[in-house]
Structure formats: structure tokens, C-alpha cells
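>
Structural data, given as C-alpha cells:
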């Protein structure tokens, strides 16, 4: 069953939840810009994962434009499959961040952690397809990013500003779970919990990007990785 809050007609084109679709485009644009700017840098292998983290989250949100904005033109079954693809792409971005974290911070246990992380992604992708609930995506995000956040907070206490920015960005992103859980909305039709969550994600990507880029200048020989 397709759910939406508002439907408008723009020159004969039916657009649902236009603010949600617009903020989806905002996430895509932010992720793409972060990807393009970081791609110009000379990054080691772990840092390359951050490039694709930003890119995949952006692509996921571009798919989200169809999920939220153009569901009028999809059947229930097609809508579900597009929704699942959106979540899987986002989940893959989180998994790449975990890969980078394993390669850099947990290098001694790299293969073990990568194996566990791969199984986690497989369980998330299969579970979200079979159960069809966003709650599974929330757990995947939490398991993937919160350990990185907590470690970077620990490192930041030693004066590492880049890691503090990345941790802060993840913290901002984690607020979306609270917004979704409480369904906190300014307006159900024009600025609901989805729209607020999307704005938080845009802010989190900008802060995380600032941290990753700052790390390149702080440690030119051994850059910060995720």
C-alpha cells in the first residue's frame, strides 16, 4: 500500500509529497558534490570508501524522488521494489564506510570484520525485502555508523578535529531515527518528519565531508579514514 501526505498537479504531472521529493534531490546534490570534490584528492584505499559512501547515499536519494514524488505512476509491487532498491543502495554506502573503518582502525582484524559486515549487509538487504519495513534500515544504519561515531569521539578527545567533525555528522544523522520514531512534523502536508529527516541528512553529509577533507590536510601521509 502506497502512503503519501500530499498530491499536487504540476502541468499535468502528478507529484506526491513535493517537499519530500525536493529534499531528496537536495541529498542527491549534496552527496554528489561531496563525491566529486573528494574524488580529486589523492586518497589511500580506506579513504576511497568515503567517496562512495557519499555517492551511494546521493544515488539512493535520487531513487527516493521516484519513491516519494512519483508513486502515482507505479503499482504497489513496483513501488515496493523501487523502495527496496533505494534502501539497499543506501545500506551499501554504510557498508563501504564500515569497510574503510575495518581497513584502517581495525586493520589487525580486517578480514574478520569485513566478513561480519558483509553478512550484516546481506541480512539487512534480505530482511528488508522479506519484511518490508524501514525499521531494518534503521538497525543497519545504527550498527554500521554508531561504532565509527563512538570511536571517532574517543579519538577526538585527543585533539583530532577531523574525527570530531565526522562523529558530529553521524550524530546529526542519527537524529533522524528520533524524528521518524516520534513522527515529528511541522506540517503533515508540507514539512513532515520525512522532510525534516532529509534536511538533517543534508547537514550531516556536509559536516562529515568537512571532517574527511580536514583530515587530508591534518595527516597528508596517513589520512583519516572511515
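Residue numbers (the numbering used here): 7 to 232. From the three backbone atoms N, C-alpha and C, an ideal C-beta is built for every residue, glycine too.
Quick check: the Cα distance between residue 84 and residue 163, rounded to an integer number of angstroms?
Rounded to the nearest angstrom, the two C-alpha atoms are 48 Å apart.
> Under a three-way DSSP split, which group does residue 201 fall into?
In the structure shown, residue 201 sits in a helix (DSSP, three-state: H, G or I).
> Quick check: the Cα distance between residue 161 and residue 176, rounded to an integer number of angstroms?
When rounded, the distance between both Cα atoms is 15 Å.
> Let me know the alpha helix (DSSP H) ranges lying completely inside the segment 58-115, each 4 residues or longer, listed in chain order.
List check, alpha helix (DSSP H) in window: 82-110.
> Would you say residue 101 and residue 123 are within 8 Å of each other, going by their C-beta atoms?
Yes, these two residues count as a Cβ contact at 8 Å.
> Would you report the Cα separation of residue 144 and residue 41, rounded to the nearest angstrom?
Each residue's Cα considered, the two are about 23 Å apart.
> Where does residue 233 land, buried or exposed, given buried means 16+ other C-beta within 10 angstroms?
Residue 233 is absent from the structure shown; the chain starts at 7 and stops at 232.
> Do residue 96 and residue 151 count as a contact pair if the criterion is CB distance below 8 Å?
Taking 8 Å as the Cβ cut-off, residue 151 and residue 96 do not qualify as a contacting pair.
> For a test of the three-state rule: what should DSSP assign to residue 137, helix, strand or coil?
Three-state DSSP puts residue 137 in a helix.
> Using 8 Å as the Cβ pair cut-off and three pairs as the minimum, do the segment 163-172 and the segment 204-223 touch?
The segment 163-172 is in contact with the segment 204-223.
> Under a Cβ-count criterion, where at least 16 other Cβ atoms within 10 Å of its own Cβ denotes burial, should residue 26 be classed as buried or exposed?
The residue is buried, with at least 16 neighbouring Cβ atoms inside 10 Å.
> Write down the C-beta distance between residue 20 and residue 12 rounded to the nearest angstrom, noting that I regard them as a contact closer than 8 Å.
At roughly 11 Å, the Cβ-Cβ gap does not stay under 8 Å, so residue 20 and residue 12 are not in contact.
> Between the alpha carbons of residue 154 and residue 23, how many angstroms are there, rounded?
Spanning the two alpha carbons is a distance of roughly 33 Å.
> Since residue 130 and residue 146 should fall inside the 8 Å C-beta cutoff, what is the C-beta to C-beta distance between them, to a whole number of angstroms?
Right, the Cβ-Cβ distance comes to about 4 Å (below 8 Å), so this counts as a contact.
> If we call anything under 8 Å between Cβ atoms a contact, is residue 199 one with residue 210?
No. Outside cutoff.
> Do the CB positions of residue 33 and residue 178 come within less than 8 Å of each other?
It is not a contact, given that the beta carbons lie outside the stated cut-off.
> Between the Cα of residue 185 and those of 206, 167, 196 and 165, spot the shortest distance and give me the residue it belongs to.
Closest option to residue 185, Cα to Cα, is 206.
> Residue range of the beta strand (DSSP E) that residue 14 falls in?
Looking at the DSSP string, the run of the beta strand (DSSP E) that includes residue 14 is 13-16.
> From the DSSP output, in three-state form, read off residue 213 for me.
Reduced to three states, the DSSP call for residue 213 is helix.
> Tell whether a beta-carbon distance below 8 Å holds between residue 44 and residue 57.
Result yes, Cβ atoms of residue 44 and residue 57 sit closer than 8 Å.
> Which residues in the same chain have their Cβ closer than 6 Å to the Cβ of residue 60, if we skip the five residues on either side of it in sequence?
Answer for residue 60: 37, 40 and 41, listed in chain order.
> Please classify residue 137: is it buried, with 16 or more other beta-carbons within 10 angstroms of its beta-carbon, or exposed?
When all chains shown are included, residue 137 counts as exposed.
> In whole angstroms, what separates the C-alpha of residue 195 from that of residue 121?
So the alpha carbons of these two residues sit roughly 43 Å apart.
> Quick check: what's the CA-CA separation for residue 107 versus residue 30?
Each residue's Cα considered, the two are about 27 Å apart.
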